[in-house]
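When we follow our numbering, the leftmost residue of the sequence shown carries the number 970, and every step to the right adds one.
Don't be surprised by glycine CBs; every beta carbon is placed ideally from N, CA and C.
Below is one structure; the comments refer to it alone.
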Amino acid sequence: RDVADPIAEDLPQRSDRRSRPRNVALGVVLVGAAVTAGSACGSDDDASVVAGRDYIDIMNATCDETDARLDDLPEPPEQITAADWAAEVARAYRAEATAASNLVVDASVREAHRSYTVTTEDLVDRYDDLSAALSTAADDIGDITTAITELSLGRDDVAADLGLEACVRSTP
C-alpha cells in the first residue's frame, strides 16, 4: 500500500494550461543562445545582457518547457506515487531555475529576476521535501504543501510583475 495515496488530493494543483499555444522549439533555441552568451562572457557587456522583449520571450519559453514537462507527468496516485510525482515536479522546476540563473539580465529586471530564480530554487527544495515526506508518511506534509503554495503565489506575483505570463501558474 502506498502511504501517499490518501494524500494525493491535498497536493498542490497545477493549472490546466494546455489551451495556451507553446513554442518549445523556440524556447530551446532562445534559452540555448542566452546561456551560451552568458557563459561566453562573465561581464554585463551589451552583447550578453538579455533585456526587454527578448527577456520576456526567453523566460516565457523556459516556463512553457516546464509546463510541458509538468503536463506530461502521470497523475498520482493511480499512475505514479505521490512521492515520485513530487520528485518529478522538483526536477522540472530545477531545470527552470537553472535556465533562469544562467541568464545575464538587464539591470532594470535584475533584482526581480533574482527573486524569481531564488523562489523557484526554494520551490525545488520544498518539492524535494514533499517527496521525502510522502515516502515516509511524515507528519509535516501539510506544512510543506502550505510552504509550496505560499512560494508558488509569491513566485507568480514576481512573474506577473516581470510580464512573464507563461510563468504564472497558480490558479485563482
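So if DSSP puts residue i in a beta bridge, which residue, or which two residues, is it bridged to?
i, result
"residue 1127", "Bridge partners of residue 1127: none, in fact."
"residue 1019", "1074"
Are there 16 or more other CB atoms within 10 angstroms of the CB of residue i, so buried, or fewer, so exposed?
i, result
"residue 1086", "buried"
"residue 1077", "exposed"
"residue 1043", "exposed"
"residue 1121", "buried"
"residue 1105", "exposed"
Given residue i, which residues of its chain have a CB within under 8 Å of its CB, disregarding the five upstream and five downstream residues?
i, result
"residue 1021", "1075"
Whole angstroms are fine: how far does the CA of residue j sit from the CA of residue i?
i, j, result
"residue 1050", "residue 1041", "15 Å"
"residue 1082", "residue 1025", "11 Å"
"residue 1028", "residue 1132", "10 Å"
Once you ignore the five residues that flank residue i on each side, which residues in its own chain have a CB closer than 7 Å to its CB?
i, result
"residue 1137", "1125, 1128 and 1129"
Can you name, in chain order, every residue of its own chain whose Cβ lies under 6 Å from the Cβ of residue i, other than the five neighbours on each side?
i, result
"residue 1035", "1061 and 1065"
Whole-angstrom Cβ separation of residue i and residue j, contact assumed at under 8 Å?
i, j, result
"residue 1097", "residue 1059", "5 Å"
"residue 1114", "residue 1099", "7 Å"
"residue 1023", "residue 1135", "Incorrect: roughly 15 Å between the Cβ atoms, too far for contact."
"residue 1088", "residue 1123", "6 Å"
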